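Chemist: Once you've had a glance at the structure underneath, I'll fire off some questions.
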């Protein structure tokens, strides 16, 4: 490990973190690294599972694309 990150944690979050470290027998730093890795892996896969999401909100056009009578909003 060659990089250091300093963060400020609310007291309740720090206590929860220390509790997990005590229960698992792992150092607090390792618990933080594993949690970050897990979170980043989950969020990274969300776009891969739905590749079309990168286009959401980018397509422009008429809000009513129906050309059949009785299906328009008017």
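In the numbering used here, the protein residues as written are 104 to 177.
Note that CB positions come from ideal geometry on N, CA and C, so glycine has one too.
This structure is a prediction, so every number in the text was calculated from the model and none was measured.
1) State the start and end residues of the unbroken alpha helix (DSSP H) segment that holds residue 127.
2) So what's residue 154 in DSSP terms, helix, strand or just coil?
3) If you run the structure through DSSP and keep just helix, strand and coil, what is residue 108?
Modeler: Concretely, from the data shown:
1) Taken as a continuous stretch (DSSP letters only), the alpha helix (DSSP H) holding residue 127 covers 114-127.
2) In the structure shown, residue 154 sits in a helix (DSSP, three-state: H, G or I).
3) In the structure shown, residue 108 sits in coil (DSSP, three-state: anything other than H, G, I, E or B).
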